[in-house]
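Residue numbers (the working numbering), protein chains in the order written: chain A, 89 to 459; chain B, 2 to 396. Glycine included, each C-beta is placed from N, C-alpha and C at the ideal position.
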């Protein structure tokens, strides 16, 4: 039993934390969000230099072979800093390539990702699929030696910044994954900012011609891969939520110690003290479950049990994220509502995490069904 | 990061589990499982079985009979006892008076009292709360006036758990009502319950149980040698006990057992031809409690891991475990009552006896009533929040 990071993990977590504090302040982030691209190339290079992009990739293709536990401290620090660069989308898509791709496909993409030369996005969600991973309508027809894609994906986080998309599509054999150049003919993006200031797009695929080697793995065999990728990503956003919630709690505690009303700090009032304590308890409970999720996506070999435990974690993280984010605004009072306070941005990110990859109701269903 | 117990820890757990399986008397196990009343004999029988095995006082030093376990072993032992449905060990002697004597007592006091506590020969109770002093314990008024080699005690204690079984009581009493800081006038006194002038009056709780009492002191003469630590330093003693290494305040093992029972019981309750566990409204409530309990177990283990790493006592972390643990216990008893539906209403058989199933279902509502106390006793959950607020958050 050991709940601490090992020395390497701790060093990395500390260095990412220092980077966020020094170079990714709330003010610096504001400028990035307001820029045309909505993400910083300089920051992306730094992530690559720090080894964060190589960390989760296989050693055979320029990576360090890290798992979710190795990424936990990283995601925690990025969560506290509300990083808007498409780190998670790239890690997700790269993971699909790693799990399903052949050596040539991995060699073509992963070393470039590790070096920070390529960004990826994972195009999975469709209009009426909600969180069901097997609801894939986008069609991939076998045509000649290759494939033709027709259909739509929604809310593809990081798509406007990506060089390649990893796209789920339905072939005659079933659900499959394809590598698609983001600027391929027939790929149209409606780009926008998400409520938590990430760049995303709804993506149309109109007769997009792909070569045969765009198919990742076997045709029709992708659902278990997609499930593994999404479980991995769910564990990572649990860790990200831990950082974001700590940031919200720290800011709120600081605020109630300094804000004075009735001649004393509002933190002197028991009504607020107890709410603050409950926010901290929520965080501790959520942190325990984030540890569980990260350890289990790394080590649990039975997919059913992995899904059950990841769902358990996501239920707790969703409940905690909702609780902590809402209370952090309430305890900040009117100031918490304003754009100029970081906590209002943390609120938005946490509110998205509540629903990302399935809300508590979705995971309650999956948790009970898997038991 | 590794969430698993080590091979040695698992072997220890298996040893405890196997021993409990072989040595927990079936009648006590049944009584626990039916939430039946435990007599003084029941409690002491189990105490003595553990004492004979050398496992009754896990936190004591070896020279006084402790087994020399580390914090993880102690946690595992308590969890296994809870999960097996073993009767609780009454904490007042073993886990409260004894640690105080070990830390503050004289050699004579240790020699006089510790063996009796260890072997279950002397039954202790705790005299802290008073009618006017609940959460605000330092306002207590029971007075002890020094007269020669005795103290003369006058006043009243309340909520005194198992005082009607007890041979001795440890009390916080006011020895100085003039000190400016009211905590400084309090002393820690050991009192023989057979002393003339002590009256115990039962307080029957809403589940019909007699567990707590009022204890009245009228000119009770207590030898001065029964003072623990210095006169006026009773608050220091009491505070030490608050921060004492309680690892099991979350009672995860007990709640895990109750959760298993709830799920299997609810699965057998049919509604419109469907099991209650297939009713999403009900099932989701159970799942949320289950997830909260999974989180609590891990949180508890995280704190243990930290204690083992740093050698520091758990401090305000214990308060968090108490808050979450009691909320979970209450949620489980509430869901059990919901699961049994209208059969929750029977309370006491007037003629003859309920059959076994009816006796069980009739025990659920009293259990629900009784479990409301958990968020009130041992420092209400509001007081626990005050402690975290002050100690951890600096508010």
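Item                                                                                                                     : Value
Separation of residue 248 (chain A) from residue 124 (chain A), as counted between CA atoms                              : 11 Å
C-beta neighbour in chain B for residue 186 (chain A), strict 8 Å                                                        : no
Any 3 or more C-beta pairs closer than 8 Å across the stretch 302-310 of chain B and the stretch 9-28 of chain B         : no
Beta-carbon proximity of residue 107 (chain A) to residue 379 (chain A), cut-off 8 Å                                     : no
Buried/exposed call for residue 320 (chain A), threshold 16 Cβ in 10 Å                                                   : buried
Residue 72 (chain B) vs residue 309 (chain B) beta-carbon contact at 8 Å                                                 : yes
Residues near residue 333 (chain A) by beta carbon distance below 7 Å, same chain, minus five either side                : 371, 374, 408, 409, 412 and 438
7 Å CB neighbourhood of residue 59 (chain B) in its chain, flanking five on each side removed                            : 67, 68, 70, 75 and 78
Nearest-angstrom Cα separation, counted from residue 133 (chain A) out to residue 273 (chain A)                          : 28 Å
Extent of the continuous beta strand (DSSP E) run through residue 126 (chain B)                                          : 125-128
CB of residue 242 (chain A) within 8 Å of CB of residue 214 (chain A), strictly                                          : yes
Beta strand (DSSP E) segments (min. 3 residues) lying fully within the stretch 197-276 of chain B                        : 199-205 and 211-224
Residue burial classification, residue 340 (chain A) (beta-carbon count within 10 angstroms, cutoff 16)                  : buried
Cβ-Cβ separation, residue 168 (chain A) to residue 335 (chain A) (assumed contact under 8 Å), whole Å                    : 4 Å
Proximal chain A residues relative to residue 296 (chain B), where beta-carbon distance stays under 7 Å                  : 373, 376, 377 and 404
8 Å Cβ cutoff, residue 386 (chain B) in contact with chain A                                                             : yes
Three-pair Cβ contact test at 8 Å for the stretch 168-186 of chain B versus the stretch 120-129 of chain B               : yes
Backbone secondary structure at residue 160 (chain B) - three-state DSSP                                                 : coil
Anticipated Cβ contact below 8 Å, residue 46 (chain B) with residue 120 (chain B), distance rounded                      : With a Cβ gap of about 13 Å, residue 46 (chain B) and residue 120 (chain B) do not count as contacting.
Neighbourhood of residue 382 (chain B) by C-beta, 8 Å cutoff - its chain only, sequence neighbours within 5 removed      : 323, 324, 327, 328 and 376
Unbroken beta strand (DSSP E) run spanning residue 258 (chain A), endpoints                                              : 252-259
C-beta atoms of residue 182 (chain A) and residue 221 (chain A) nearer than 8 Å                                          : no
C-beta atoms of residue 216 (chain B) and residue 161 (chain B) nearer than 8 Å                                          : yes
Segment contact flag, the stretch 221-241 of chain A with the stretch 291-300 of chain A, C-beta cutoff 8 Å, min 3 pairs : yes
Coil, strand or helix - residue 207 (chain A) by DSSP                                                                    : coil
Every unbroken beta strand (DSSP E) within the stretch 87-143 of chain B, with a cutoff of 3 residues, ordered by chain  : 125-128
Which residues DSSP lists as bridging residue 147 (chain B), in chain order                                              : B:152
CB contact check: residue 355 (chain A) to chain B, cutoff 8 Å                                                           : yes
Rounded straight-line distance, which links the Cα of residue 177 (chain B) to that of residue 188 (chain B)             : 9 Å
Residues that DSSP places opposite residue 277 (chain A) in a beta bridge                                                : A:291
Nearest residue (CA-CA) to residue 399 (chain A), options A:424, A:446, A:361 and A:421                                  : A:446
Cβ-Cβ distance between residue 154 (chain B) and residue 261 (chain B) below 8 Å                                         : no
Limits of the unbroken alpha helix (DSSP H) element including residue 435 (chain A)                                      : 430-443
Exposed unless 16 or more other CB atoms sit within 10 angstroms - verdict on residue 1 (chain B)                        : Residue numbering for chain B in the displayed model covers 2 to 396; residue 1 (chain B) lies beyond these limits and cannot be assessed.
Buried or exposed by the 16-neighbour rule on C-beta atoms within 10 Å, applied to residue 451 (chain A)                 : buried
Within 8 Å, strictly: CB atoms of residue 313 (chain A) and residue 305 (chain A)                                        : yes
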